[in-house]
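These notes are about the structure you will find just below.
In my numbering, the protein residues as written are 77 to 184.
Below, the structure written as structure tokens:
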């Protein structure tokens with residue numbers, strides 16, 4: 077396994093890693109800083125390193141907005157008791173601007 081990108085995002089790290097034997101799969105994982113020996117939960121698989129890095133940055137931007145709006149990440153779902161759940165896949169399946177991400181949070 078090779079880590080190609082590492083991004084600190086609150087008390088988490090978002091990693092882009094390539095698993096040995098999976099030449100075309102770049103995984104976007106999130107892990108807690110409190111468990112540095114883990115490689116976290118896989119949230120997305122991208123076809124290229126460039127796409128995976130873009131996804132990692134988008135994930136951190138959305139995560140920051142979601143936390144500010146009372147959401148927490150549980151597994152692969154952003155949850156807020158007073159709003160509709162938002163899946164990580166819904167957030168990351170398309171490239172989104174900050175305005176798009178804000179709209180997604182407001183519609184929930």
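Here a beta-carbon is modelled for each residue, glycine too, at the ideal position from N, C-alpha and C.
Distance cut-off 7 Å: residue i Cβ against heavy atoms of the ligand GDP
i, result
"residue 142", "No copy of the ligand GDP appears in this structure; indeed no ligand is present at all."
Option in the options with minimal Cα separation from residue i
i, options, result
"residue 134", "106, 94, 77, 183", "106"
"residue 170", "144, 138, 159, 146", "138"
"residue 89", "97, 136, 175", "136"
"residue 120", "173, 94, 147, 178", "94"
"residue 144", "128, 118, 182", "182"
"residue 141", "180, 110, 126, 124", "180"
"residue 85", "155, 108, 79", "108"
"residue 24", "78, 83, 118", "Since the first residue of the chain shown is 77 and the last is 184, residue 24 is not available in this structure."
Beta bridge counterpart(s) of residue i as assigned by DSSP
i, result
"residue 154", "149, 162"
"residue 78", "94"
"residue 83", "90"
Limits of the beta strand (DSSP E) - the one that residue i falls within
i, result
"residue 122", "117-122"
"residue 108", "102-108"
Endpoints, alpha helix (DSSP H) assigned at residue i
i, result
"residue 92", "Taken as a continuous stretch (DSSP letters only), residue 92 belongs to no alpha helix (DSSP H), being part of the beta strand (DSSP E) at 88-94."
"residue 174", "174-183"
"residue 125", "125-144"
Proximity test, Cβ basis, 8 Å: residue i and chain B
i, result
"residue 177", "No chain B appears in the structure shown, which is made up of a single protein chain."
Residue environment, residue i, which counts as buried when at least 16 other CB atoms sit within 10 Å
i, result
"residue 149", "buried"
"residue 177", "buried"
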